[in-house]
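Numbering (my numbering), first residue to last: 18 to 306. For every residue, glycine included, the Cβ atom is placed at its ideal position computed from N, Cα and C. Inspection log for the structure reproduced underneath, given as structure tokens.
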Amino acid sequence: MILVTGATGNLGKATINSLLGKGMSANNIAALVRDDSKCSEFKSKGIQVRIGDYENFYSLTNAFQGVDKLLLISSSSEITQRFEQHQNVINAAKQVGVNHITYTSFDMKDLRQSIMAGDVKYHADTSDYLKQIAVPYTLLNNTLYADLIPIISGNNIMDNGISIPAGNGKTPFLPITEMAEAIAVVLTTSGHENKEYTIAAEKAFSFGEIADFISEITGTTVVYSQTDVPSYVSQLMLQGVAGDDAAYLSRFAGAISSGEFETNKSDVKQLLGRNPMPLKDFLRSIYGK
Ligand SMILES: NC(=O)c1ccc[n+]([C@@H]2O[C@H](COP(=O)([O-])OP(=O)(O)OC[C@H]3O[C@@H](n4cnc5c(N)ncnc54)[C@H](OP(=O)(O)O)[C@@H]3O)[C@@H](O)[C@H]2O)c1
18 MILVTGATGN
28 LGKATINSLL
38 GKGMSANNIA
48 ALVRDDSKCS
58 EFKSKGIQVR
68 IGDYENFYSL
78 TNAFQGVDKL
88 LLISSSSEIT
98 QRFEQHQNVI
108 NAAKQVGVNH
118 ITYTSFDMKD
128 LRQSIMAGDV
138 KYHADTSDYL
148 KQIAVPYTLL
158 NNTLYADLIP
168 IISGNNIMDN
178 GISIPAGNGK
188 TPFLPITEMA
198 EAIAVVLTTS
208 GHENKEYTIA
218 AEKAFSFGEI
228 ADFISEITGT
238 TVVYSQTDVP
248 SYVSQLMLQG
258 VAGDDAAYLS
268 RFAGAISSGE
278 FETNKSDVKQ
288 LLGRNPMPLK
298 DFLRSIYGK
């Protein structure tokens, strides 16, 4: 039995779909869900629903009964709560005898030295904690989702161009579906005990290059202009992003600008046994309609 936490989220759902796509039977997959009203899709597919909240240790030990492998998808709760929540999940899994824990960490040059260390350090803390626990682990260091590009590039980019304070920094953006596929490989094949993989595209691109791709795809020139941080935050808020989230995204832009995502590592081709979807094809699926 494989249990996926964060099952109602983007990556959790995509991972469960990839597991099903690999022919894994639904009754060997369990979805950790904290909100009963979000269960129906899983139940209709025959997936086992386990109710649990990262904040409630006993709900987790109940939910993890009979689980062989556990995928801990990093929490989306308040940043300050995340490490403690992850410790709860890891401790509960260990207590009930889960055989293998896989954690979705983050691919940056140095999480603790990052200019946004306050936002990402919990990944390093969770990874270190998991390594200390005797249960075999696998760390998956995920880069930024390609799916974020339309959200962080600015409003109506076909008219206004791309506007983000990301300098010429490059990011090896990867679509969520490709990350999920790589995660499903790790969960369904052997030999991943106590290993660490980088889940990122082999090639990183700047927003200038992304603007060029979109121009080629659409036949309309899309320019990339750098904006300053306060203007960027205001622009995101006008798009409907909450103030705190807009400030958080601006810190990602700063980290991109500083080249913090240029780790030049990728294990995705090796895991998938094929080349992952090129960024230009992903952008075509979004902007080429
Ligand atoms: N690499 C990237 O580009 C990137 C981008 C965004 C986020 N992330 C990180 O990667 C994670 C997965 O991304 P995503 O897009 O799938 O996020 P998401 O759609 O926001 O999903 C987060 C999941 O965590 C669950 N969750 C949050 N707090 C919980 C708690 N206390 N107990 C149990 N479950 C809880 C949520 O459950 P509910 O449905 O009940 O809320 C949801 O299923 C995020 O949580 C975040 O840490 C990475």
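Between the alpha carbons of residue 31 and residue 295, how many angstroms are there, rounded?
Sequence index remark: in the sequence shown, residue 31 carries index 14 (1-based). Sequence index remark: in the sequence shown, residue 295 carries index 278 (1-based). Cα to Cα, the separation comes out at about 18 Å.
List the endpoints of the continuous beta strand (DSSP E) containing residue 121.
Taking the first residue of the sequence shown as position 1, residue 121 is located at position 104. Membership of residue 121 in the beta strand (DSSP E) is indicated by the continuous run 117 to 123.
Every unbroken alpha helix (DSSP H) inside the region 210 to 253 [4 residues or more]
You should have 224 to 235.
C-beta contact flag for residue 169 and residue 266 at 7 Å:
Position 152 of the sequence shown, counted from the start, is the residue given in the question as residue 169. Position 249 of the sequence shown, counted from the start, is the residue given in the question as residue 266. Yes. Within cutoff.
Validate contact between the region 58 to 65 and the region 89 to 96 using beta carbons, cut 8 Å, 3 pairs
Contact between the region 58 to 65 and the region 89 to 96 is not established, with fewer than three Cβ pairs separated by less than 8 Å.
Does the region 74 to 93 come close enough to the region 104 to 118 that 3 or more CB-CB pairs lie under 8 Å?
Segments in contact, yes.
Report, in whole angstroms, the separation of the C-beta atoms of residue 51 and residue 133, which I expect to be a contact under 8 Å.
Translated into the one-based positions of the sequence shown, residue 51 becomes position 34. Translated into the one-based positions of the sequence shown, residue 133 becomes position 116. In this structure residue 51 is not in contact with residue 133, their Cβ atoms being roughly 27 Å apart against a cut-off of 8 Å.
If we require 4 or more residues per run, which alpha helix (DSSP H) segments fall completely within the region 42 to 122?
Taking only runs of at least 4 residues, the alpha helix (DSSP H) segments lying wholly in the region 42 to 122 are 57 to 62, 74 to 80, 96 to 113.
Hey, is residue 90 close to ligand 1, as in C-beta under 6 Å from one of its heavy atoms?
Counting from one through the sequence shown, the residue named residue 90 turns up at place 73. Residue 90: yes, Cβ under 6 Å from ligand 1.
Inter-residue Cα distance where the pair is residue 39 and residue 89
If you number the sequence shown from 1, residue 39 lands on position 22. If you number the sequence shown from 1, residue 89 lands on position 72. Straight through space, the alpha carbons of residue 89 and residue 39 are spaced by roughly 20 Å.
For ligand 1, is there a heavy atom less than 6 Å away from the beta-carbon of residue 25?
Translated into the one-based positions of the sequence shown, residue 25 becomes position 8. At a threshold of 6 Å, residue 25 counts as near ligand 1, since its beta carbon sits closer than that to one of the ligand's heavy atoms.
Determine the closest residue to residue 201 out of 177, 211, 46, with distance taken between C-alpha atoms.
Counting from 1 along the sequence shown, the entry for residue 201 is found at position 184. Relative to residue 201, the option among 177, 211, 46 whose CA is nearest is 46.
Limits of the unbroken beta strand (DSSP E) element including residue 159
Reading the sequence shown from its first residue, position 142 is the one you call residue 159. Residue 159 -> beta strand (DSSP E) spans 154 to 159.
Determine the direct distance from the alpha carbon of residue 69 to that of residue 113, and round the result to whole angstroms.
Stepping through the sequence shown from its first residue, residue 113 is reached at position 96. Stepping through the sequence shown from its first residue, residue 69 is reached at position 52. Cα to Cα, residue 113 sits roughly 14 Å from residue 69.
Contacting residues, own chain, Cβ-Cβ under 8 Å from residue 301 (five flanking each side not counted):
Along the sequence shown, read from residue 1 onward, the residue named residue 301 stands at position 284. Within the same chain, residue 301 has close Cβ partners 234.
Between residue 211 and ligand 1, is there a pair consisting of the residue's CB and a ligand heavy atom that are separated by less than 6 Å?
Here residue 211 refers to the residue found at position 194 of the sequence shown. Result no, Cβ not under 6 Å from ligand 1.
Residue 198 classed as buried or exposed, judged by whether at least 16 other C-beta atoms fall within 10 angstroms
Within the sequence shown, numbered from 1, the residue matching residue 198 stands at position 181. With 16 or more other Cβ atoms within 10 Å, it is buried.
Verify whether the separation of the beta carbon atoms of residue 143 and residue 81 is less than 7 Å.
Here residue 143 refers to the residue found at position 126 of the sequence shown. Here residue 81 refers to the residue found at position 64 of the sequence shown. No, they are not a contact pair.
Distance, residue 195 Cα to residue 248 Cα
Within the sequence shown, residue 248 is the residue found at index 231, counting from 1. Within the sequence shown, residue 195 is the residue found at index 178, counting from 1. In this structure, the straight-line span from the alpha carbon of residue 248 to that of residue 195 is close to 33 Å.
The region 175 to 182 / the region 211 to 218 touching (three or more Cβ pairs under 8 Å):
They do not touch, by the three-pair rule.
How many angstroms separate the CA atom of residue 131 from the CA atom of residue 125?
Residue numbering aside, residue 131 sits at position 114 when the sequence shown is read from its first letter. Residue numbering aside, residue 125 sits at position 108 when the sequence shown is read from its first letter. Their backbone Cα atoms lie some 8 Å apart in a straight line.
Spell out a yes or no on whether the region 145 to 162 and the region 115 to 123 are touching, meaning 3 or more CB-CB pairs, one atom from each, closer than 8 Å.
The region 145 to 162, when compared against the region 115 to 123, does touch it at the 8 Å Cβ threshold.
In whole angstroms, give me the CA-to-CA distance for residue 177 and residue 239.
What you label residue 177 is simply residue 160 of the sequence shown in a count that begins at 1. What you label residue 239 is simply residue 222 of the sequence shown in a count that begins at 1. Rounded to whole angstroms, residue 177 to residue 239 spans 8 Å at the Cα level.
Hey, would you say the C-beta of residue 94 is under 6 Å away from at least one heavy atom of ligand 1?
Locating residue 94 in the sequence shown gives position 77, counting from the first residue. Residue 94: yes, Cβ under 6 Å from ligand 1.
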